[in-house]
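First up is the structure itself, then whatever we jot down about it.
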Amino acid sequence: MSTPKPTVRVKAGDSTGASARVMMQGGMPRTSYASADLGHPSMLGWMPMSQSADAEWLRDRNMSTARIRDMQRNEGWVKSGVNRKVDMLVGGSLRLNSKPDALGLGISTDAAHALGRQIQSKWFDWAEDPIFRGDAERQMPFSGTAGLVAREFTGLGESLGVLRWIERPGWDYRTAIQVIDPDRLSNPMGTPDTDRLRGGVEKDENNAPIAYHIRCGHPFDVFSTASFQWDRIDRWDRIGDWERPKVFHVYDKERPGQSRGVSDLVASMTKLRMLSRYSESEVRTAAINSTIVGAIYTQLGAEYAADRLGSDVTGGTDWKEFNTSRADFYKNRNVLDDARFLTLFPSDKLEMNTQPRETAGYPAFQTAFLQAFAASIGISYEQLSMDWSNTNYSSARAALNEVWRGVMRLRSILLWGFAIPVYAAWLEDALDAGTIDVPKGCADFYDAPAAWLNADWIGPARGFIDPVKEAQASALRMDGRISTLEREAAEQGQDWEEIIAQLARERAAMEDAGIAGVVTDLTIVSATDGQQAPGGKQGKDKQNAA
């Protein structure tokens, strides 16, 4: 039995044969990789284009973001998902814990610590100013602005803003934040994209953004002439060798050369729309079905109808007079009267609606879909639906751990794209205004900006699922020297130095009031053998006795 010879097809113009496709007989693969097989039944008609990141997205961005905003306005699941991610990224506050690098600044550790506390105090004055002078639009403190940036970043895939320089009487700082709708970032007068200008972002020869072209008004504010004007804003304001940030553009860069952010919602938008329409249809049909009590049918036969209407059975029947008399009979009459007797027109019959609407499969379908949707945007199904009825501690904790890793990644993007540039601009402003006392021998800000800007950012608390278990675990980590009070406090949205200072004040107040028996040690019981862990109070007493 001879082996069939393969048929080799070579792409036209390819002299090397590198694009050859070998067509084998007897059911053998037509390509080396099945993913490229154009003849496979599951691949028929699937021929996506291979394009750059900008070519794929910029053409479709406006319609996609308009639909995303519509779903955020009208779909509870979408709004819930975005809210949950914003709550985990920023929540009610985004706090600075300044930690200047002593070695990089050439000062002692104590001097660096004192400098950091001073910077934090001045930052608080600016960030939490009660009359919002740090906001160009005078509406929110820094935490509120961070929440708005996180909402745009989470929902639309990108957030845009400008750091304004605004002089205010009696105010030491000139830095003010203005968040801008990303729809306003576009090429002037709708000119086509080029190698150096894409989606309103102007780039240099290395593909680095150097300027942003921002409309003076939203493109669909037709009542405003500013919609037809653009401002070109440099990304940096050069001061000697230092480049002061002027524009922040926050997005998750998923491909090289990507100029604009893509929302996670676009991957599930089609299915979200179908679920929305399916849900509306189910609810509408169930509502209609519940309002129909029954139907009235006539028992009038053909012969009787011909006799009553004076028509020939075979010649057609004029029902106008008959229907008029039926309508007059039922007019202003309660069919189901108070005595519960039926009063019907002669020959009519009442049939009650006893056919229920079959909706047993809808909840399971909705749950399965929302589980997939929650996974696509990086949160758990329980967070999205607020349904914890079928969740135990272990599964909830595992889900939270997975979600939290994604949240920390997105928070890092939010920090380096928004918080750190704002902090850099403000600190340079504060040093220029002389509101911060610089230690003797400290390096200049322009010479060591990274050392000056070194800091931790404290976001919302991760939260407890089981407070007892997790408090014990936290104490065990610190007792085992694998964690610190600073790290444990930051995970719960607290500043460890504030905790220590407050504990000291409370202990002093209790001692002054003569309150004895102040408990300061945590008793920890091992989950395996019921024995008290060495870090507990009894363990400390044994160590002291020894």
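All residue numbers for the sequence shown refer to the numbering used here, where the first residue is 3 and numbers rise by one.
Just so it is clear, CB atoms sit at the ideal spot from N, CA and C, and this is done for glycine as well.
The structure displayed is predicted, hence computed values, not measured ones.
Next on the checklist: Please return the same chain residues whose Cβ sits closer than 6 Å to the Cβ of ALA401, not counting the five positions on each side in sequence.
Outcome noted: Within the same chain, ALA401 has close Cβ partners SER382.
Next on the checklist: Looking at the secondary structure, which residues open and close the alpha helix (DSSP H) in which GLU404 lies?
Outcome noted: Run containing GLU404: 395-416, per the alpha helix (DSSP H) assignment.
Checklist entry - Just reading off the alpha helix (DSSP H) that ASN85 is part of, what are its end residues? => result From DSSP, the alpha helix (DSSP H) with ASN85 extends over 78-91.
Checklist entry - Taking Cβ to Cβ, would you say HIS215 is nearer than 8 Å to PRO194? => result No, Cβ-Cβ distance for HIS215 and PRO194 is not below 8 Å.
Checklist entry - Which ranges does the beta strand (DSSP E) cover as unbroken runs of at least 3 residues, wholly within the region 187-247, from first to last along the chain? => result Entirely contained in the region 187-247, the beta strand (DSSP E) runs reaching 3 residues are, in chain order, 203-205, 211-217, 232-236, 238-241, 244-247.
Item to check | Best match in THR177, THR227, GLN231, ASN99 for proximity to GLY202 [C-alpha to C-alpha] | outcome: Nearest C-alpha to GLY202: GLN231.
Checklist entry - When the Cα atoms are used, what is the spatial distance from PHE134 to SER476? => result Straight-line Cα distance between these residues: approximately 37 Å.
Checklist entry - By Cβ distance below 7 Å, which residues in the same chain neighbour SER54 in space, the five residues on each side in sequence not counted? => result Around SER54: GLY259.
Checklist entry - Would DSSP call ALA152 helix, strand or coil? => result Residue state, collapsed to three classes: helix.
Item to check | Simplified DSSP state of ARG61, which is helix, strand or coil | outcome: ARG61 falls in the coil class under three-state DSSP.
Checklist entry - Can you tell me whether GLN27 is buried or exposed, with buried defined as 16 or more other CB within 10 angstroms of its CB? => result Since pLDDT at GLN27 reaches only 43, below the 50 mark, its modelled position is unreliable, and the value read off the structure follows with that caveat. It counts as exposed.
Next on the checklist: Pairs of beta-carbons, one from the region 50-68 and one from the region 81-93, closer than 8 Å: are there three or more?
Outcome noted: No: fewer than three Cβ pairs fall under 8 Å.
Checklist entry - Out of curiosity, what's the CA-to-CA distance linking ASP389 and ALA398? => result Going from the Cα of ASP389 to the Cα of ALA398 covers about 11 Å.
Checklist entry - Measuring CA to CA, which of TRP128, PHE126, ARG153 is closest to ARG71? => result Of the candidates TRP128, PHE126, ARG153, the one whose C-alpha sits nearest the C-alpha of ARG71 is ARG153.
Next on the checklist: When you compare the region 139-153 with the region 100-117, are there three or more beta-carbon pairs, one atom per stretch, that lie closer than 8 Å?
Outcome noted: No, the region 139-153 is not in contact with the region 100-117.
Next on the checklist: Here's a check: name, in chain order, each residue in its chain whose Cβ is nearer than 6 Å to the Cβ of ARG257, leaving out the five neighbours to either side.
Outcome noted: So the qualifying residues of the chain are ALA55.
Checklist entry - Taking Cβ positions, are PRO102 and PRO247 nearer each other than 8 Å? => result With contacts defined as CB atoms closer than 8 Å, PRO102 and PRO247 fail to qualify as a contacting pair.
Checklist entry - Which whole-angstrom value is the C-beta distance of GLU204 and ALA213, which I expect to be below 8 Å? => result With a Cβ gap of about 4 Å, GLU204 and ALA213 count as contacting.
Next on the checklist: Please tell me whether ALA445 and GLY163 are closer than 8 Å, where the distance is taken between their beta carbons.
Outcome noted: No; because the gap between Cβ atoms is not below 8 Å, this pair is not in contact.
Checklist entry - Can you tell me whether DSSP reads VAL527 as helix, strand or coil? => result Any answer about VAL527 is weak, because its pLDDT of 43 lies below 50 and its placement is not dependable; what the coordinates show is given next. Here VAL527 sits in strand by DSSP.
Next on the checklist: For the alpha helix (DSSP H) containing THR111, name the first residue and the last one.
Outcome noted: Boundaries of the alpha helix (DSSP H) around THR111: 111-129.
Checklist entry - Just curious, the beta strand (DSSP E) that GLY163 is in, first and last residue? => result Residues 160-167.
Checklist entry - What span of residues does the alpha helix (DSSP H) with GLN504 cover, start to end? => result Here the alpha helix (DSSP H) through GLN504 covers 498-514.
Item to check | Residues of its chain near PRO50, where Cβ-Cβ distance is below 7 Å and the 5 sequence neighbours each way are ignored | outcome: Hits under 7 Å: none found.
Next on the checklist: Going by beta-carbon coordinates alone, are GLY108 and GLY482 separated by less than 8 Å?
Outcome noted: In this structure, GLY482 does not lie closer than 8 Å to GLY108 by Cβ.
Checklist entry - With distances taken between CB atoms, is the gap from GLY149 to VAL84 smaller than 8 Å? => result No, the Cβ-Cβ distance between GLY149 and VAL84 is not below 8 Å.
Checklist entry - Does the distance from the CB of ALA549 to the CB of ASP458 come in under 8 Å? => result Absent from the model: residue 549. The displayed extent of the chain is 3 to 548, so no value can be given.
Checklist entry - When the distance is taken between beta carbons, is ARG413 closer than 8 Å to GLY461? => result In this structure, the beta-carbon distance from GLY461 to ARG413 falls below 8 Å.
Next on the checklist: Judging by CA-CA distance, which residue of VAL249, ALA178, SER226, LEU372 is the nearest neighbour of LEU267?
Outcome noted: It is LEU372 whose Cα lies nearest to the Cα of LEU267.
Next on the checklist: If you measure between the beta carbons of TRP125 and LEU96, is that distance less than 8 Å?
Outcome noted: No, they are not a contact pair.
Checklist entry - How would you call PRO171, buried or exposed, if buried means at least 16 neighbouring beta carbons within 10 angstroms? => result Answer is exposed; the Cβ neighbour count stays below 16.
Item to check | Residue of SER378, MET276, ASN456, SER161 minimising C-alpha distance to ARG186 | outcome: For the residues SER378, MET276, ASN456, SER161, the minimum Cα distance to ARG186 belongs to SER161.
Checklist entry - Any idea which residues DSSP pairs ARG97 with across the strands? => result ARG97 is bridged by DSSP to ILE460.
Item to check | Cβ-based neighbour list, SER270, same chain, cut-off 7 Å, excluding 5 preceding and 5 following | outcome: Closer than 7 Å at Cβ, skipping near neighbours: PHE375, SER378.
Next on the checklist: Buried or exposed for ARG75, going by 16 or more other Cβ atoms inside 10 Å?
Outcome noted: Label assigned to ARG75: exposed.
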